[in-house]
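Q:
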Amino acid sequence: MAQGNNRKALNKKARKGNKGFPIATIAFYGADNKTATKLVCAIVPYEGGAPEPMRKWFSATEIRKSELIVKEVLAFIDENEAQTVSMVDDILSCPHEEGIDYPEGEHCPQCLYWKGRDRFIDRIS
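Heads up: the sequence shown begins at 39 in this note's numbering, then just goes up one per residue.
If you want it as structure tokens, here you go:
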């Protein structure tokens, strides 16, 4: 596919709206609100179901521009027969995981941009 075609295909799937379950959810994470370096895609199989399977991708550069990673995400969505794709292009928060990469209840020592910010209120594209 030409540069950008995978991203266009993903955006098209997300624009189709709610087509039922399973639902693929896609979220982006980064050290700040400018560069996404982590993408998480989870499949919600049915209403109230746990988001499983879940897959994570990482990049040293802007992950939303990686045709290879977006192609892999599209394949993951297709393999899991997701009918709906839910995606917000904004960066939700730090790519590090509380309780795994740093202690629960603390802020990430590597991503000071997010310290004291509410990821749902203070997002800025």
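Ideal Cβ positions, reconstructed from N, Cα and C, are used throughout, including at glycine.
1) Tell me whether G68 is buried or exposed, calling it buried when 16 or more other Cβ atoms sit within 10 Å of its Cβ.
2) With DSSP as the reference, label R155 as helix, strand or coil.
3) Does the segment 106 to 114 come close enough to the segment 125 to 140 that 3 or more CB-CB pairs lie under 8 Å?
4) Label L150 either buried or exposed according to how many other C-beta atoms from any shown protein chain fall within 10 Å of its C-beta, with 16 as the threshold for buried.
5) For M39, count the other beta carbons within 10 Å of its own beta carbon; 16 or more makes it buried, fewer makes it exposed. Which is it?
6) What separation, rounded to the nearest whole angstrom, lies between the Cα atoms of E119 and P60?
7) Go through its chain and collect everything with a Cβ distance to R45's Cβ below 8 Å, but skip five positions before and after it.
A: In brief:
1) Label assigned to G68: buried.
2) It is coil, neither helix nor strand.
3) The answer is no - the segment 106 to 114 does not touch the segment 125 to 140, with fewer than three Cβ pairs under 8 Å.
4) With fewer than 16 other Cβ atoms within 10 Å, it is exposed.
5) The predicted model places M39 with a pLDDT of 44, which falls under 50 and marks its position as unreliable; any figure quoted below should be read in that light. It counts as exposed.
6) E119 and P60: Cα-Cα distance of roughly 7 Å.
7) By the criterion of a C-beta distance shorter than 8 Å, R45 is surrounded in its chain by R102, K103, E105, V108, once the five residues flanking it on both sides are discounted.
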